[in-house]
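Undergrad: Would you mind keeping the following structure in view while I ask a few things?
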Amino acid sequence: MRRWTCRCAVVLVAALAVACDGAGGADDTVGPGPDAVDPGTVAGDDGLPDGTGDPGVRDVSDPGTDDGMPGDVPPTDPGTDVPLPVVPYMLIVSQDDLLTVANEWATYRRAGGFEVEVTTVTDLAGDTPDATDFQDAVRGRLGTIRDARGSTERLFLLLLGDAPAEGAAAAGRIPAHDCENTTPGAGGCWTDNRYADLDGDTIPDAAAGRVPARTVAEARTVLAKVQDFEATYKVGEWNRRVGLYVGQAGFSAEIDSVLELAMMDGLKRVSHAFDVLGAWDNPNSSYWYVPFNDKVVDLFNQGALMTVYVGHGSESWTQGLTTDQVAKVHCNNRRPFSMFFACYAGNYASAQDSLAETLAFKADGPVASFGSSDVSHPYGNAVLAYESQMKALEMRYPTIGEVIVAIKRGMLENDDDFRKFMEGAGALDESCDTPEKQVEILRQHNDLYNLLGDPATAMQYPREVATFDAPTGTLASRHVQVAGTAPGVITGTATVTLETERDVVLGTMATIDPNHVVKADVNANWLKANDKGVVRLDVPVVNGRFEATLDWTAQTGGGDYYLKVYARDQTTDAVGVADFH
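Residue numbers (this note's numbering): 7 to 587.
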């Protein structure tokens with residue numbers, strides 16, 4: 007029954023999306039890009055009319071400069087003013103009986119250039135610490151490291167071990183800290199965020215994550231998955247994808263339709279550096295797919311930088327994927343980072359494994375997950391999802407832990423125009439109708455959401471940024487000549503596309519009778535709705551250069567259009583995007 011405790015809160019999601027002209031944005035929206043091939047038959051996505059993006063819009067290779075990460079400006083070489091590389095530092099706190107694996111983890115990270123310290127629960131905080139004692143011990147050690155380094159930049163905390171249920175203290179084990187959650191229906195908030203928050207403002211000062219392993223075998227499964235993920239880079243369009251699946255809100259057809267329009271408009275604000283592929287479990291939506299669960303598994307199995315869920319949830323259930331269906335997930339092309347913007351999906355302090363934990367222990371599943379330990383508030387979820395897209399897709403932080411720190415900092419410090427829209431929409435609900443209430447919700451959600459995985463895991467973005475020369479031709483003439491440069495790809499193939507904005511549906515959709523569903527028509531609509539390409543052409547890359555002549559017959563209306571390129575050879579790839587009017 008827990009999954010329904012979130013249901014009444016969806017009203018605010020609708021209010022946010024409608025009142026903010028799409029304030030649901032990245033969190034509530036299904037996205038473009040067809041994905042019609044069954045798992046296991048992708049082979050590089052040949053022929054799929056996906057778009058490409060330019061991840062270099064704001065290419066921040068050092069997350070310690072001016073992008074909201076702790077640490078301010080890095081030190082420079084006095085002779086050149088060139089920033090000196092910051093050596094990452096990881097503190098591993100291990101459940102007592104997992105020390106062997108903790109040392110293996112440390113050896114791996116040291117080989118990658120990290121300074122690493124390993125300690126056990128007992129050595130750090132006594133044999134049976136409660137959450138307060140453990141918090142004081144961890145904060146004390148991190149504070150000492152911070153003081154010695156002069157900064158918290160590139161400081162990581164890995165908690166290796168499962169949390170006893172409901173925050174209990176247990177010998178040699180890592181407790182979960184309780185936290186405040188005033189969202190209606192809350193049943194108990196548990197967090198690791200407090201351990202990395204050195205000044206009590208709910209913004210972590212270290213990039214923290216927990217590998218919730220109970221046994222040596224489970225811990226080694228996760229370590230092996232991280233090692234394989236970081237050692238293997240498989241060229242394919244999955245490297246620039248976000249897979250998104252959205253549960254049905256459950257209002258009237260009219261309200262759900264308005265909500266979808268608002269959410270699609272919000273998606274236009276998300277970086278065009280990446281494709282967003284997805285599905286919405288709503289029979290009245292063009293993005294509906296049947297069977298919906300099959301498409302959700304497909305989104306994981308096709309491969310993506312991230313997979314995102316928005317909707318109702320429980321420890322074992324999301325609309326489209328449950329713990330019982332995890333056995334069907336095989337991320338052979340690329341393991342994603344999974345984010346669940348829903349109630350309970352990341353409840354690692356429950357007596358049963360949450361969906362996020364179940365995925366964590368699956369050898370060919372996502373490499374890490376981010377989710378809520380309790381009932382979550384739609385205003386907090388909307389802001390979290392917006393910040394996650396901005397930070398992960400535009401800032402190009404090198405690790406998932408640094409992405410999470412930036413998201414949580416942005417929760418409380420970002421005040422861009424879109425956030426102002428969201429604040430205005432949130433004020434429509436009495437639970438967040440004042441600035442003070444909204445700030446409190448955001449602080450609570452910084453605690454409520456936790457990373458289950460190694461925070462030092464590399465993000466593995468597309469390797470290079472391609473650029474376009476000035477194109478010739480016009481939309482009116484239906485002819486464009488383009489050329490550009492694909493760094494790193496000396497000889498290979500470039501897929502060049504001209505695409506519409508993300509809220510545009512091309513082609514004529516079949517009428518669907520919900521009382522007599524024709525599966526072929528539903529899924530054909532889904533494919534059309536996801537395909538934003540006006541024209542697509544594969545051309546050779548020679549000496550790092552590509553050229554393409556794009557001609558098409560379909561009428562192009564008003565709105566924004568984008569030239570995109572995805573170039574690749576056998577070992578590397580490059581993506582680029584340019585506005586076209």
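Glycine residues also receive a C-beta, built at the ideal position from the N, C-alpha and C atoms.
In the structure shown, what three-state DSSP assignment does G191 receive?
TA: Taking the first residue of the sequence shown as position 1, residue 191 is located at position 185. Coil, per DSSP.
Undergrad: Take L104 as the anchor and find which of G565, D168, Y95 has the nearest alpha-carbon.
TA: Here residue 104 refers to the residue found at position 98 of the sequence shown. Among G565, D168, Y95, the Cα nearest to that of L104 is on D168.
Undergrad: If you draw a straight line from the alpha carbon of A573 to that of L204, how long is it in whole angstroms?
TA: Here residue 573 refers to the residue found at position 567 of the sequence shown. Here residue 204 refers to the residue found at position 198 of the sequence shown. Each residue's alpha carbon lies about 44 Å from the other.
Undergrad: How big is the Cα-Cα spacing for S360 and T324?
TA: Position 354 of the sequence shown, counting from 1, holds the residue named residue 360. Position 318 of the sequence shown, counting from 1, holds the residue named residue 324. Cα to Cα, S360 sits roughly 11 Å from T324.
Undergrad: Once DSSP output is grouped into helix, strand and coil, what is the label at S378?
TA: On the sequence shown, residue 378 is found 372 positions in, with the first residue counted as 1. S378 falls in the strand class under three-state DSSP.
Undergrad: Taking the alpha-carbon positions, what's the L164 to F586 distance?
TA: For the purposes of this step, residue 164 is taken as the residue at position 158 of the sequence shown. For the purposes of this step, residue 586 is taken as the residue at position 580 of the sequence shown. Answer to the nearest angstrom: the Cα atoms are 45 Å apart.
Undergrad: Quick one: what's G215 bridged to in DSSP?
TA: Start at 1 with the first residue of the sequence shown, and residue 215 comes out as number 209. Answer is L164.
Undergrad: For the structure I just gave you, are there three or more beta carbon pairs, one from the stretch 233 to 240 and one from the stretch 438 to 451, closer than 8 Å?
TA: In short, these stretches do not touch, since the Cβ pair count stays below three.
Undergrad: Please classify Y567: does DSSP put it in a helix, a strand, or coil?
TA: Taking the first residue of the sequence shown as position 1, residue 567 is located at position 561. It is a strand residue.
Undergrad: In terms of alpha-carbon separation, which member of V381, A388, N338 lies closest to A369?
TA: For the purposes of this step, residue 369 is identified with residue 363 of the sequence shown, where counting begins at 1. Of V381, A388, N338, the residue nearest in Cα terms is N338.
Undergrad: How is V16 classed by DSSP in three states: helix, strand or coil?
TA: The residue labelled residue 16 in the question sits at position 10 within the sequence shown. Because V16 carries a pLDDT of 40, less than 50, the predicted location of this residue cannot be relied on, and the following value inherits that uncertainty. Helix at V16.
Undergrad: CB L458 to CB E363, shorter than 8 Å?
TA: As a working mapping, residue 458 is identified with position 452 in the sequence shown. As a working mapping, residue 363 is identified with position 357 in the sequence shown. Taking 8 Å as the Cβ cut-off, L458 and E363 qualify as a contacting pair.
Undergrad: Can you tell me which of G371, V381, R415 puts its alpha carbon nearest to the alpha carbon of G352?
TA: Taking the sequence shown and counting its residues from 1, the one referred to as residue 352 is at position 346. Nearest option by C-alpha distance: V381.
Undergrad: Let me know if Q358 comes out buried or exposed under the rule of 16 or more other beta-carbons within 10 Å of its beta-carbon.
TA: In the sequence shown, residue 358 corresponds to position 352, counting from 1. Its Cβ having fewer than 16 others within 10 Å, Q358 is exposed.
Undergrad: Are the Cβ atoms of Y251 and Y201 separated by less than 8 Å?
TA: Reading the sequence shown from its first residue, position 245 is the one you call residue 251. Reading the sequence shown from its first residue, position 195 is the one you call residue 201. No. Outside cutoff.
Undergrad: Under a three-way DSSP split, which group does F474 fall into?
TA: Start at 1 with the first residue of the sequence shown, and residue 474 comes out as number 468. Here F474 sits in strand by DSSP.
Undergrad: Please state the DSSP three-state secondary structure of P546.
TA: Looking up residue 546 in the sequence shown gives position 540. Note: P546 maps to strand in three-state DSSP.
Undergrad: I'd like the span of the alpha helix (DSSP H) that includes L454, first residue to last.
TA: For the purposes of this step, residue 454 is identified with residue 448 of the sequence shown, where counting begins at 1. It spans 441 to 454 - the alpha helix (DSSP H) in which L454 sits, taken as one unbroken run.
Undergrad: Considering only DSSP beta bridges, list what M270 is partnered with.
TA: In the sequence shown, residue 270 corresponds to position 264, counting from 1. BP columns for M270 are empty, so no partner.
Undergrad: Find out if the Cβ-Cβ distance for the pair A489, V547 is shorter than 8 Å.
TA: Counting from one through the sequence shown, the residue named residue 489 turns up at place 483. Counting from one through the sequence shown, the residue named residue 547 turns up at place 541. No. Outside cutoff.
Undergrad: Runs of 4 residues minimum, wholly inside the stretch 488 to 568: which ones carry the alpha helix (DSSP H) assignment?
TA: Whole alpha helix (DSSP H) segments, 4+ residues: 525 to 536.
Undergrad: Verify whether the separation of the beta carbon atoms of Q101 and I180 is less than 8 Å.
TA: Counting from 1 along the sequence shown, the entry for residue 101 is found at position 95. Counting from 1 along the sequence shown, the entry for residue 180 is found at position 174. In contact: Q101 and I180 (Cβ atoms closer than 8 Å).
Undergrad: What does DSSP give as the partner residue(s) for W286 in the beta ladder?
TA: One-based indexing of the sequence shown puts residue 286 at position 280. V252.
Undergrad: Can you tell me where the alpha helix (DSSP H) holding M312 begins and where it ends?
TA: Sequence index remark: in the sequence shown, residue 312 carries index 306 (1-based). From DSSP, M312 is part of no alpha helix (DSSP H) but of the beta strand (DSSP E) over 312 to 316.
Undergrad: Where does the unbroken alpha helix (DSSP H) through G432 begin, and where does it stop?
TA: Against the sequence shown, residue 432 aligns to sequence position 426. 423 to 432 is the span of the alpha helix (DSSP H), which, as asked, contains G432.
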